[in-house]
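Q:
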Amino acid sequence: MSDHVASRGLYVAIFLALMVLTAMTVAVTYIDMGNANLFVAMGIAVTKATLVVLFFMHVFWSDRLIKVTVVTSLVFLVILFAFTLNDYLGRGALGVAGR
Amino acid sequence: MDTATAPTQTNYINVAHTAKSWLLTRDHKRIALLYLISVSVFFMIGGLFALLIRLELLTPAGDLFEAETYNKVFTMHGVAMVFFFLIPAIPATLGNFLVPLMIGAKDLAFPRINLLSWYVYVLGGLFTLAAVIGGGVDTGWTFYTPYSTAASNTHVILTGLGVFISGFSSILTGFNFIVTIHKMRAPGMTWFRLPLFVWASYATSLIAILGTPVVAIAIVLVALERTLHIGVFDPTLGGDPVLYQHLFWFYSHPAVYVMVLPAMGVISELIAAFTRKEIFGYKFVAFSSLAIAVIGFFVWGHHMYVSSQSAFAGLVFSFLTYLVAVPSAVKVFNWTATLYRGSISYQAPMLYAFGFLGLFLIGGLTGLFLGALGLDVHVHDTYFVVAHFHYVMVGGTIMAYLGGLHYWWPKMTGRLYNEGWAKFAALMIFVGFNLTFFPQFLLGYMGMPRRYHMYPEEWQVLNVLSTAGATILGVGYFIPTIYLLWSLKKGEVAGDNPWGATGLEWQTQSPPVTENFPVTPVVTEPAYAYAHQEKRFA
Ligand SMILES: [Cu+2]
Numbered sequence: 006m007s008d009h010v011a012s013r014g015l016y017v018a019i020f021l022a023l024m025v026l027t028a029m030t031v032a033v034t035y036i037d038m039g040n041a042n043l044f045v046a047m048g049i050a051v052t053k054a055t056l057v058v059l060f061f062m063h064v065f066w067s068d069r070l071i072k073v074t075v076v077t078s079l080v081f082l083v084i085l086f087a088f089t090l091n092d093y094l095g096r097g098a099l100g101v102a103g104r
Numbered sequence: 143m144d145t146a147t148a149p150t151q152t153n154y155i156n157v158a159h160t161a162k163s164w165l166l167t168r169d170h171k172r173i174a175l176l177y178l179i180s181v182s183v184f185f186m187i188g189g190l191f192a193l194l195i196r197l198e199l200l201t202p203a204g205d206l207f208e209a210e211t212y213n214k215v216f217t218m219h220g221v222a223m224v225f226f227f228l229i230p231a232i233p234a235t236l237g238n239f240l241v242p243l244m245i246g247a248k249d250l251a252f253p254r255i256n257l258l259s260w261y262v263y264v265l266g267g268l269f270t271l272a273a274v275i276g277g278g279v280d281t282g283w284t285f286y287t288p289y290s291t292a293a294s295n296t297h298v299i300l301t302g303l304g305v306f307i308s309g310f311s312s313i314l315t316g317f318n319f320i321v322t323i324h325k326m327r328a329p330g331m332t333w334f335r336l337p338l339f340v341w342a343s344y345a346t347s348l349i350a351i352l353g354t355p356v357v358a359i360a361i362v363l364v365a366l367e368r369t370l371h372i373g374v375f376d377p378t379l380g381g382d383p384v385l386y387q388h389l390f391w392f393y394s395h396p397a398v399y400v401m402v403l404p405a406m407g408v409i410s411e412l413i414a415a416f417t418r419k420e421i422f423g424y425k426f427v428a429f430s431s432l433a434i435a436v437i438g439f440f441v442w443g444h445h446m447y448v449s450s451q452s453a454f455a456g457l458v459f460s461f462l463t464y465l466v467a468v469p470s471a472v473k474v475f476n477w478t479a480t481l482y483r484g485s486i487s488y489q490a491p492m493l494y495a496f497g498f499l500g501l502f503l504i505g506g507l508t509g510l511f512l513g514a515l516g517l518d519v520h521v522h523d524t525y526f527v528v529a530h531f532h533y534v535m536v537g538g539t540i541m542a543y544l545g546g547l548h549y550w551w552p553k554m555t556g557r558l559y560n561e562g563w564a565k566f567a568a569l570m571i572f573v574g575f576n577l578t579f580f581p582q583f584l585l586g587y588m589g590m591p592r593r594y595h596m597y598p599e600e601w602q603v604l605n606v607l608s609t610a611g612a613t614i615l616g617v618g619y620f621i622p623t624i625y626l627l628w629s630l631k632k633g634e635v636a637g638d639n640p641w642g643a644t645g646l647e648w649q650t651q652s653p654p655v656t657e658n659f660p661v662t663p664v665v666t667e668p669a670y671a672y673a674h675q676e677k678r679f680a
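Here the protein sequences come in this chain order: A and B.
Residue numbers for the first sequence follow the numbering used here, beginning at 6 and rising by one.
Residue numbers for the second sequence follow the numbering used here, beginning at 143 and rising by one.
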């Protein structure tokens with residue numbers, strides 16, 4: 006963690022990017038894009054989270070073990086969501102009454 | 143017995159005697175003993191509630207408790223046993239004591255965080271005890287919604303907070319183990335020279351870190367719905383009760399492996415030491431721990447076949463459940479292959495290991511019955527399920543815990559216990575256990591539902607057998623408490639390596655000094671190099 010010196014300029018740039026993205030989060034709620042609403046909102050949120058994790062949490066400059074750790078925890082979050090959605094989206098898929 | 147020569151050299155126990163030196167210790171070995179005492183207290187509380195359950199079920203009528211009281215009794219049995227005994231038992235006591243010793247380290251990577259984890263555990267325990275004393279909780283240890291959020295008028299939030307808080311203690315321990323195993327191995331201690339108990343502790347820590355936050359959040363959401371009526375799970379508020387089951391079992395199925403993986407690690411150590419052989423297929427056994435940790439996260443829906451979970455999801459979860467049985471079977475086959483042509487000695491710890499093999503086999507195989515989509519509908523929420531998970535968690539985890547406690551007792555205390563009594567207790571526990579839980583398979587198959595305080599008369603004989611078994615089991619658990627405590631004062635002095643075992647923990651003095659090793663050891667051999675050892679002594 007001590008082997009990098011991120012410039013103040015980079016931090017300010019990331020901060021401004023986060024502010025712009027926040028404004029976009031608010032702005033898109035005024036536009037109805039139908040089914041795309043969720044995906045656009047989530048896309049902006051994921052971009053913001055990625056910026057925070059990579060730069061403010063220093064993962065971008067960290068060694069491989071830290072990166073593997075971050076990716077692993079994300080993979081497990083995906084497992085939780087994917088297999089839960091597999092239930093909700095899979096209801097009725099096999100033609101079993103009520104299931 | 144030689145009781146005259148008490149150990150006189152300085153060790154981690156006699157180095158300081160004040161209460162402060164214990165309550166503010168950063169020594170992993172002292173913290174292990176603090177944990178040993180506190181998990182034992184919860185084991186006794188949980189056991190007391192188990193006794194009350196078996197007393198009520200002695201007769202078909204509900205003559206000891208009201209239905210509501212009975213609900214509280216089995217809930218508090220489950221909460222105390224699962225969250226405050228089974229989950230921390232092996233990692234926090236044996237794991238805390240052994241992980242640094244086994245890898246040749248002076249302590250865990252973060253000794254202060256290790257102490258913090260014990261205080262967090264105690265705080266969580268106090269919250270739960272407050273709920274018990276204040277009138278109890280009746281939701282079952284699973285806190286299923288909508289009952290837990292919309293109907294129950296017992297101490298759901300207080301108990302939930304206790305479980306939530308204690309969850310952080312297993313996260314802290316897990317994270318401490320992972321960093322320690324990565325960063326603090328002695329020179330020469332490569333990954334494939336690690337004892338299998340260390341591999342198992344590593345895999346367990348992964349599960350604890352990745353899974354515990356999910357159940358913690360699920361419990362917080364239950365509390366928020368109860369207090370602020372935020373609709374997450376309650377259908378009348380726009381929520382979905384099945385979502386709770388997804389969140390709960392995402393952690394609570396892997397939690398079974400938090401209980402049983404360290405147990406499997408202990409069994410590997412015991413079998414190697416008492417057959418004087420290298421564990422057959424070391425790498426397969428090591429990687430099967432990781433495989434169980436990962437695949438174990440993909441199977442939680444097998445608890446939800448009779449909920450409104452989609453038939454398609456059920457199919458996928460059933461398939462994956464069969465898959466997770468493979469790495470467990472790899473371990474059992476490899477242990478059996480290790481026994482083949484080993485010079486087996488039937489000392490007390492090995493008797494527990496044999497008990498584990500038999501009981502875990504039955505528990506694991508009946509798990510396959512329950513993983514089957516069709517058969518599960520018949521036995522779901524019956525005593526068949528109760529028998530199955532007690533075979534895995536009590537027959538598996540507690541057998542290994544006791545086996546490990548006996549095996550490392552001389553290292554932890556410097557004293558030997560009475561071998562005759564230890565063998566007798568192991569036998570009583572094995573017999574009592576089977577008599578308690580085997581009849582429950584039959585009861586469940588015949589359709590006796592779990593969590594009822596009354597039942598039809600034709601099921602009384604099997605229930606009486608089960609209660610009789612529980613009495614034997616209770617006595618069996620009580621005997622070690624007596625002779626182990628007795629050994630502290632009167633036991634024969636153990637010496638550094640009473641079993642002639644390999645492993646760094648046996649190369650230092652008993653009990654070890656605070657820094658574990660006077661000189662950092664250098665490792666030149668794989669684990670379980672018994673073949674070399676025999677040659678050296680020949
Ligand atoms: Cu499960």
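Beta carbons are placed, not taken as given, at the ideal position from N, Cα and C, and that holds for glycine.
Within 10 angstroms of its Cβ, does B:P598 collect 16 or more other Cβ (buried), or is it exposed?
A: Exposed, since its Cβ has fewer than 16 Cβ neighbours within 10 Å.
Q: Taking the CB atoms as reference points, tell me whether B:I434 and B:P469 lie closer together than 8 Å.
A: Yes, they are a contact pair.
Q: Quick test of the definition: if touching needs 3 or more C-beta pairs under 8 Å, does the region 222–239 of chain B touch the region 288–295 of chain B?
A: Segments in contact, no.
Q: My understanding is that B:S430 touches B:V472, with C-beta atoms under 8 Å, so please give their C-beta distance in whole angstroms.
A: Going by Cβ atoms, the distance from B:S430 to B:V472 rounds to 5 Å, so yes, they are a contact pair.
Q: Helix, strand or coil: which one does DSSP assign to B:T296?
A: If DSSP states are grouped into helix, strand and coil, B:T296 belongs with coil.
Q: Against chain A, which members of the region 391–409 of chain B pass a CB distance test of less than 8 Å?
A: Within the region 391–409 of chain B, the qualifying residues are F392.
Q: Would you decide whether B:V274 is buried or exposed? Buried here means 16 or more other CB atoms lie within 10 Å of its CB.
A: Result: buried.
Q: Strictly below 7 Å CB to CB, what residues from chain A border B:V573?
A: Those within 7 Å of B:V573 in chain A number zero; the least Cβ separation is about 41 Å.
Q: Chain B partners of A:S78, CB-CB under 9 Å?
A: Within chain B, the residues near A:S78 are I351, L352.
Q: Just to check my reading of the structure: B:F319 and B:L300 have Cβ atoms closer than 8 Å, yes? What is that Cβ distance to the nearest angstrom?
A: Not quite, the Cβ-Cβ distance comes to about 30 Å (not below 8 Å), so this is no contact.
Q: Return the bridge partner residues of B:R557 from the DSSP annotation.
A: Paired residue(s): B:V635.
Q: What are the boundary residues of the alpha helix (DSSP H) that B:W260 is part of?
A: Unbroken alpha helix (DSSP H) run through B:W260: 253–275.
Q: From what residue to what residue does the alpha helix (DSSP H) around B:E198 run?
A: Here the alpha helix (DSSP H) through B:E198 covers 170–198.
Q: Around the C-beta of B:P242, are 16 or more other C-beta atoms found within 10 angstroms, so that it is buried, or is it exposed?
A: Flag for B:P242 reads buried.
Q: Using a Cβ-Cβ cut-off of less than 8 Å, list which residues of the region 57–89 of chain A approach chain B; keep chain order.
A: Correct list: L70, T77, S78, F81, I84, L85, F88, T89.
Q: Tell me whether the beta-carbon of B:G204 lies closer than 8 Å to the beta-carbon of B:H532.
A: No, Cβ-Cβ distance for B:G204 and B:H532 is not below 8 Å.
Q: For a quick check, are the C-beta atoms of B:V527 and B:V521 less than 8 Å apart?
A: Taking 8 Å as the Cβ cut-off, B:V527 and B:V521 qualify as a contacting pair.
Q: If distances are taken between C-alpha atoms only, which option among B:I232, B:P622, B:A328, B:G277 comes closest to B:T211?
A: Nearest C-alpha to B:T211: B:G277.
Q: Would A:K43 pass as an interface residue toward chain B - the criterion being a Cβ-Cβ separation below 8 Å?
A: Contrary to the premise, residue 43 of chain A reads as Leu rather than Lys in this sequence. No, because no Cβ of chain B sits closer than 8 Å to the Cβ of A:L43.
Q: Could you list which residues in chain B have their beta carbon closer than 8 Å to that of A:A98, in chain order?
A: Going along chain B in sequence order, the residues near A:A98 (Cβ under 8 Å) are S452, A453, F454.
Q: Can B:V441 be considered in contact with ligand 1, in the sense that its beta carbon sits closer than 7 Å to one or more heavy atoms?
A: Correct: B:V441 has its Cβ closer than 7 Å to ligand 1.
Q: Below 8 Å, how does it come out for the region 662–675 of chain B and the region 326–342 of chain B: are there three or more Cβ pairs, yes or no?
A: Flag = yes, the region 662–675 of chain B and the region 326–342 of chain B touch.
Q: Out of B:W283, B:A669, B:Q451, which one is the CA nearest neighbour of B:N213?
A: Here the closest residue by C-alpha is B:W283.
Q: Whose C-beta lies closer than 7 Å to the C-beta of B:M143 among residues of the same chain, with five residues either side of it excluded?
A: Any reading at B:M143 needs caution, since the residue's pLDDT is 41, under 50, leaving its predicted position unreliable; the model's value is listed next. These residues qualify, in order along the chain: E634.
Q: Between A:G97 and the rest of its own chain, which residues show a CB-CB distance below 8 Å, the 5 nearest in sequence each way excluded?
A: Cβ within range, chain order: R104.
Q: May I have the straight-line CA-CA distance separating B:L585 from B:E198, to the nearest angstrom?
A: Taking the straight line from one Cα to the other gives about 16 Å.
Q: Check the Cβ-Cβ distances between A:S7 and every residue of chain B, and say whether any is below 8 Å.
A: For A:S7, the pLDDT reaches just 47, beneath the cut-off of 50, and the residue's location in the model is therefore unreliable, although a value from the coordinates is still provided. It does not: the Cβ of A:S7 has no partner Cβ on chain B nearer than 8 Å.
Q: Please confirm whether B:V661 has its beta-carbon closer than 8 Å to some beta-carbon of chain A.
A: Cβ-Cβ to chain A under 8 Å: no for B:V661.
Q: Run the proximity test for B:V427: is its beta-carbon closer than 7 Å to any non-hydrogen atom belonging to ligand 2?
A: Ligand 2 is absent from the structure shown, which contains only ligand 1.
Q: When you compare only the Cα positions, how much space is there between B:T145 and B:K632?
A: For B:T145, the pLDDT reaches just 45, beneath the cut-off of 50, and the residue's location in the model is therefore unreliable, leaving the point undetermined.
Q: Considering only DSSP beta bridges, list what B:P591 is partnered with.
A: In DSSP, B:P591 forms a bridge with B:T524.
Q: Give the residues of chain B in contact with A:R13, contact being defined as C-beta atoms less than 8 Å apart.
A: Simply none; closest approach about 31 Å.
Q: Please compile the residues from chain A whose C-beta is within a distance smaller than 8 Å of the C-beta of B:V357.
A: Chain A residues near B:V357: none, gap ~11 Å exceeds 8 Å.
Q: Report the option in B:N256, B:H530, B:G456, B:I195 whose CA atom is closest to the CA atom of B:Y681.
A: In the structure as shown, chain B starts at 143 and stops at 680, and residue 681 of chain B therefore has no counterpart that could be examined.
Q: With distances taken from CA atoms, which of B:F317, B:G516, B:F461 is nearest B:M349?
A: The amino acid at residue 349 of chain B is misidentified as Met; the sequence shows Ile. The candidate whose alpha carbon is nearest that of B:I349 is B:F317.
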